[in-house]
Structures are given as structure tokens and as C-alpha cells.
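Some notes on the structure that comes next.
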Ligand code: DGJ
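Numbering (my numbering), first residue to last: 123 to 868.
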């Protein structure tokens, strides 16, 4: 016994060393002093950069986890290739100032009042605090400092990067490009870029382009995030990846103003992604002592294909981005009045809709545009946020009371950044609208934009919103934004400050949202911008859901939702069931419309006052079925079971986090030559388990012809469902089916 104890004591120091080594390895951020390397590790990801012999921060590695420090060597700058291709141009800096011999995309570009435009950033110091690393860089001679912040999210391996540019000198200088980060991808050829492009009513089209020598730019110059392009990207190697396999590097910017992401393949075939504020029309004068923060830029890696890249984003958004734990709850089923009544809202009409909505199982009733000022169409009223007494003689109070008594919470539409020239606000404060002195003011939807960058406009806006929410029992605001910047002037401030409007407008918008939420805990907000024009990780930190598109036509919506969920979680994706015929003049069945909308946060936007009793009864059953699967749909894992290019047959699977439930949706556009579709192979199932299966399928083939009800279909094993798959009986045009699987035995 004694011998054993003595023997084991001999191993104590070794054990301590091992434990210490293990603890060090489990830290998400480490600095290897001897090699001057920063090692960041989270989830299945390692990210390494170092300080090179010139004292620049140089990228080393981004990809699957590598735990052995000995594998990484100190960094050395890339050698000069020729007198035309200097070392500075090809050394993959983590955050490159435009200066010395840099010809690739800089992270920062400045001009000093004396004309000096040379910026060379060197390492000064660093600090590690938990999962955050901050590295301080400084120009080789001027008092410009840049703090680079890296935050590692251990569960997902996502890395958040942000920079803060600081003027510690005595003279101001002007910033012409302020990016959040340069990301360097592993050396390889044949990268493919995926992004999301579109326009009003045609959002989230998946764009796939090969990355070739040169630069591709994703951006918004419209003042807001925009429908035209969304600040998200994914890069993989075409041919080596699919939905569930292969290396994917992806990222998203958290900014709702002008943004830019450039994807550049240098002539040395290095692929670099740079993102932050758009450089277009950008000039930000930094006074002595002042600083500028760039937007957060999140980057991730997976070897599990684009499907896993999306799931990582979804989980991250729900758990780390959405405010106040919103992403951990489920969204209520909502009714919205817009498509039913447009501007013709009044107490009697809305009450009638509310009664029908409540009977259907709706949990939140939202009154859209038209309740205020002289808002009878889109020509007037924006800016006059007082309740229209002809439409609501008792104010909003009695409608809200009625809605609440029906068991629903109440939500209201607002568009705070806008003003109609035909409004009392504009007549009183024409200078509050964005403009250049003496120039015409371009209208969009008969409205102008308020210059929210102005302190007085910001305060005014916060106060009327605060009053509205204080004086009425409003649980939810649908915050709309129906046009983009034009004439982005700010004549009231000195000329060298005027272009700050691009940054300050959005900063003030965020401030108002933050203050409102703080003052009214529990208030929920939707980000809407004529559809999906303001969906990004910046606004999602302050809102609970988003409106992806004004196009609610179910077949179009299937594709819009598919694009949307590449970057964003179904949890926030509002999806209304509306009347037919709809966009494209298309009419599809109520079942098809519901099954499309049940793949996000379900809502109804039909004119219930015109719906048949049969439709109302069926809708009630769909809403009940949705409530059985909404936790799985909103907070589970999404698997795309059909390729993105296939628009004829689209199938998506949602698997609950605890593995107990799966909801699989499938849609056939048009059957041809009598052929059916192949069985649906489900993903992520427990092959040892047995699943009870229920189905909603086209009434003519469902056992009792009841539309919208889940009917029993017996049981199948996880192995069968994975390998053989679910046999689908989709037929004809616009057919649809929902299978709900419950794990019943192991
Ligand atoms: C645009 C939104 O996207 C619609 O849902 C609706 O709220 C209208 N604005 C109201 O004007």
C-alpha cells in the first residue's frame, strides 16, 4: 500500500504539468510567447495569427481544430516576388493599413491634414480576457491607434472581429476606409462565393459565383442594409462540398447602414475577405481624442457543408445575437392586417378581424399602416403619429382592450424614420428631412427620410415612440422602413462632418431601439423594410423577428425562405398565410400556403372577414398543428434535403434539439410525365430508434379528408427513414406534405 502511494506521488509533478497543459489547451485564446503566435480555438475551429519580423500582424491558419502548438511556426512576411509585387502586397496581414507597398484591399485608409496618407500598422500590445483578445496596433510614426477585438464563441467556433480606430494625437485626420477585419482563407484554388441578392418582393436569391483573380464586391450604398444584397457570404470549393459535407468559410456583418464585403483573389491566388463600412462616399473625421468603432464582423468555419454553416449561424443568432433571450423562446402566432385592409383600418373592422383571428388560435394581433394622422393612402400622414380620431374615436385603448380580452397581445405598425411632405411634421420642420440645400428632394413612395443623424430628430423620435408605448398596452412594434437614402445631406454641421450621416444615422437608430427596449422590458420589435431590406446581425441584436419579403405568394416564398435561411434562423423569419390569387397571379391551396409558412414563424395575413367558414376551420387546424411543431421549426436544426438549384421539388427537415421530434416538409411544383419523386432520406435521426409518424397531406389522399389535421401513419425505424427514406406521394401541381415524426422508442 505504502509502496503504491510513494510510487504515485512520484507522478504528481507530471500530473500537474499535464493538467496545466490541458487547462491551457482548453482556453479559447492563448499567446505563444516564444513564437509570437495567437491561437484562438472554439468548437471545431482553430484560428492562428502571429507577429512577423516587421512587427505586423500576419495571418497563419483558419480551419479545423489543430491542437498541437508545435505544428505552428513563427510567422515571416511573404518575400518580394518582383519589383512590382512587393512583400507588403502579399503578406496576409490581419488588419492592413493602406501604406508602404499594399496593393490589396486595406482595412484602414486615412488622410492627415498635411497630406500624408501613408499608414503602416505595427503591433504594440495585447490583452486576453476570457474569450476576448484585444490587440493594439499603432502607426509607425503617427498617433493613430487601432484596437482589434477578437471574441471566440466556444460552442460554435465563430469569431467576432471588430476594430476601434483612435486619434491619440492633437490634429484631426480623415478616415476614408474603416473595415472591421481582413479574413484570409487557406491557400486553394477554385473557391465559390455564395451570397444573397435581390430586390423588393424578390429578396434572398442565392447567388453563386466562382472566385477568380480580381475582386467581387457585395455592398449597400442605399443607407440601409438593403434588399439588393445582404451582408452575408459563404465560400467553399465547388465540387468538394454539398449541403452536408465539405469545408465552408462563412461570415456576416452586424451593420444596418452602408456596408461592404469584398472578396478578393490576389495575383498570388490568395483569397481575402474584407468587410466593414462601405467606402463609397465615406469620410469620417476623427478629432483628437475621438474614436470610431467598426461593425462586428462574424466569421465561421465548418467541414460539414453549407447546411452546417447555416445551422451554426442559426444557433448563434438565437443564443448570442437576439436580445433578452428572445431566441430561446418561441414566437407567438401572429395576425397582421396589412393585406386584408391596407390603410382602411378602423375600430370596427379591426375588431371583427381580431375576433376571427382569436378563434383561429392566433396569439398576437398586429394593426398595420393607416391608424394615424391623415393616413388614408401612402401620400400623407407619415410623421404625424397621433391616432386618427375618425377611425379610432376611443383612441387605441378600446381596440387593445378587446384584443387582450380575446387572449391576444397587441402590436402596432410604425415607420419612425419617415415623413410625408403632406404632414404637419414636415410643414413644421422641413429641414428635418434629409436634403442638400437648394436641391430637389427625391421622394420614394411619396415620402422623404428624416435625418435621424441629427440629435433633435433622434430625441423627438425616441420620445414619441416612448409615449406611444407608455400610453398604450403595446407588446410589439412592427418598425417599417419603406425607402432608401437619397440626397444624404446634413447641411447643419460643418462640411467635414457631413458624410458622418452614413454612420450616425444607423448609430442613432440603434440607440433608439436600445433605449426603447430598456425602458419597456418585454416590448418586442420586428424589423421590416418594405420586406427584407433590414435584416442583418446588427439589427437582430435589438429586434425579435424580421419580415423577409412583401411577396407572400407561397411558391415564390419557398425560394425566398430557402435563401433567407442560408444566413438567418427560421426563428425570426415571419411567414404569413395570405389570400389568393397573389403575386404572379398565382393561386395555390390553403394547405400549400400553410405548409410553406409553417417553416418559419407562422402568421396569418388573409382578410378573415372574407374567408369562408371552411377556410377558417381549416386554418384553425393548421395553426394547431403548427403549435405542435413550432419549437422544432423555430429552434431546431434545419436540413435542406433537396439541392438549391431544384425549384420543382423542395424539401426541408427540421429536427428538434433533443432529437425527439422531426418535421419534414416537401413541395412539388409540377409533376411531369406521371413520374413521382424519390423517397425523402431524412438526416440526423437516431437509427436505433422507432418513430411514430403523422402526416398532413393533400385532402384527396388523406384518410378522412380533413384538411389541416395531423393523421397517424404508423411507425418506422430511424434506420429505414435514413436509408430507405419516406415514400412521398406528391402528385400534380403545387402538391405539399408535412410529416411529423416523434421518437417513441430506442
Ligand atoms: C411595407 C411592409 O413590408 C408591409 O408589410 C406593410 O407594413 C406596408 N409597408 C405598410 O405600408
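Using N, Cα and C, we set each Cβ at its ideal position, and we do this for glycine too.
Query: Classify residue 875: buried if its beta carbon has 16 or more other beta carbons within 10 angstroms, exposed otherwise.; Result: It is not possible to answer for residue 875, since the shown part of the chain is limited to 123 through 868.
Query: Using a Cβ-based criterion (distance less than 7 Å to any ligand heavy atom), does residue 346 qualify as near the ligand DGJ?; Result: no
Query: Around the ligand DGJ, which residues pass a check of Cβ closer than 6 Å to any of its heavy atoms?; Result: 460, 490, 491, 535, 602, 604, 650, 652, 653, 669, 672
Query: In whole angstroms, what separates the C-alpha of residue 811 from that of residue 846?; Result: 15 Å
Query: Specify the secondary structure class of residue 596 as computed by DSSP and reduced to three states.; Result: coil
Query: Report the rounded CA-to-CA distance for residue 290 versus residue 244, giving the unit in angstroms.; Result: 16 Å
Query: I'd like to know whether the C-beta atoms of residue 419 and residue 303 end up nearer to each other than 8 Å.; Result: yes
Query: What is the DSSP secondary structure of residue 859, reduced to helix, strand or coil?; Result: strand
Query: What is the residue span of the beta strand (DSSP E) that residue 414 lies within?; Result: 413-415
Query: Go through its chain and collect everything with a Cβ distance to residue 316's Cβ below 6 Å, but skip five positions before and after it.; Result: 330, 356
Query: Let me know the secondary structure DSSP gives residue 124 once reduced to three states.; Result: Unreliable placement is indicated for residue 124, whose pLDDT of 42 sits below 50; no coordinate value is reported for it.
Query: Out of 307, 541, 776, 671, which has the shortest C-alpha to C-alpha gap to residue 327?; Result: 671
Query: What alpha helix (DSSP H) runs, 4 residues minimum, are completely inside the stretch 701-730?; Result: 712-719
Query: Rounding to the nearest angstrom, what Cα-Cα distance links residue 417 and residue 795 in this structure?; Result: 53 Å
Query: Would residue 726 and residue 484 qualify as a contact pair, given that the criterion is a beta-carbon distance under 8 Å?; Result: yes
Query: Could you give the DSSP three-state label for residue 443: helix, strand or coil?; Result: helix
Query: What are the residues that DSSP puts in a beta bridge with residue 837?; Result: 814
Query: Would you mind sorting residue 630 into buried or exposed? The rule is 16 or more other CB atoms within 10 Å of its CB.; Result: buried
Query: Spell out whether any CB of chain D is found under 8 Å from the CB atom of residue 408.; Result: As a matter of chain content, chain D is missing from the structure shown, which is built from one protein chain.
Query: Residue 678 by DSSP, collapsed to three states: which one?; Result: helix
Query: Determine contact between the stretch 388-402 and the stretch 639-656, defined as no fewer than three beta-carbon pairs at a distance below 8 Å.; Result: no
Query: Please tell me whether residue 453 and residue 803 are closer than 8 Å, where the distance is taken between their beta carbons.; Result: no
Query: Measure the C-alpha to C-alpha separation of residue 276 and residue 662 and round it to an integer number of angstroms.; Result: 21 Å
Query: Run through DSSP, which three-state label would residue 166 get?; Result: coil
Query: Out of 816, 658, 704, which has the shortest C-alpha to C-alpha gap to residue 751?; Result: 816
Query: Quick one: what's residue 351 bridged to in DSSP?; Result: 319
Query: In this structure, how does DSSP classify residue 491 when only helix, strand and coil are distinguished?; Result: coil
Query: At the level of alpha carbons, what is the spacing between residue 766 and residue 684?; Result: 8 Å
Query: For the beta strand (DSSP E) containing residue 256, name the first residue and the last one.; Result: 254-261
Query: Bridge partners of residue 552, per DSSP?; Result: Note: residue 552 sits in no beta bridge, so no partner.
Query: Using 10 angstroms around the beta-carbon of residue 268, count the other beta-carbons present and answer buried if the total reaches 16, otherwise exposed.; Result: buried
Query: Mapping DSSP to helix, strand and coil, what is residue 405?; Result: coil
Query: In whole angstroms, what separates the C-alpha of residue 128 from that of residue 179?; Result: Interpretation of residue 128 is limited by its pLDDT of 44, a score under 50 that renders its predicted location unreliable; the figure taken from the coordinates is listed afterwards. C-alpha separation (whole angstroms): 49 Å.
Query: Cα separation between residue 298 and residue 234?; Result: 11 Å
Query: Counting only runs that start and end within the stretch 631-687, where is the beta strand (DSSP E) found for 3 or more residues in a row?; Result: 646-649
Query: Give the straight-line distance between the Cα atoms of residue 736 and residue 830, rounded to the nearest whole angstrom.; Result: 11 Å
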